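Student:
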Amino acid sequence: MPGGFGEVGYSPTENILKEIEEETGCTAKAERLFAVFDTNRFQLQSKQYAKFVFECKLLDGQFQENQEIAELQFFAINQLPVLSEKRITKEQMEILWQVYKGQRDQYVD
Numbered sequence: 001m002p003g004g005f006g007e008v009g010y011s012p013t014e015n016i017l018k019e020i021e022e023e024t025g026c027t028a029k030a031e032r033l034f035a036v037f038d039t040n041r042f043q044l045q046s047k048q049y050a051k052f053v054f055e056c057k058l059l060d061g062q063f064q065e066n067q068e069i070a071e072l073q074f075f076a077i078n079q080l081p082v083l084s085e086k087r088i089t090k091e092q093m094e095i096l097w098q099v100y101k102g103q104r105d106q107y108v109d
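Using UniProt numbering, the letters of the sequence shown map in sequence onto residues 1 to 109.
(1) Taking the alpha-carbon positions, what's the Q43 to C26 distance?
(2) Are the CB atoms of L17 and A30 nearer to each other than 8 Å?
(3) Is the beta carbon of L72 closer than 8 Å to that of A28?
(4) Suppose the cutoff is 8 Å on Cβ atoms and the five residues either side in sequence are ignored; what does the same chain contact list for L83 look like?
(5) Can you grab the Cα-Cα spacing for the pair D105 / V99, in whole Å?
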């Protein structure tokens, strides 16, 4: 899942689109905001962050392996690889899946 720290001067939407292009070589369009997570609510860290999660549509581009992402692949929700719990937890993924399926509204901590 592409992502990164937001840069000053960019909106959350601009930041995620920039990260997608930098990390995958593909351009995308942000379709809707799924959630805003408070990182300390799900996994205590040394610093507190707001994590914005968007549903994005890939527009074009050719994925190129890089130092951050070795391959681009889509997974069924029940076949996800092991997650980096500092980046996203299983509970957060379940919330996102429920938003995607229309089983709950957009989530905001």
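Cβ coordinates follow ideal geometry from the N, Cα and C atoms, glycine included.
A quick note: this is a predicted structure, and the numbers were derived from the prediction, not measured.
Tutor: Let me spell this out:
(1) About 30 Å.
(2) yes
(3) no
(4) T89, K90 and M93
(5) 6 Å
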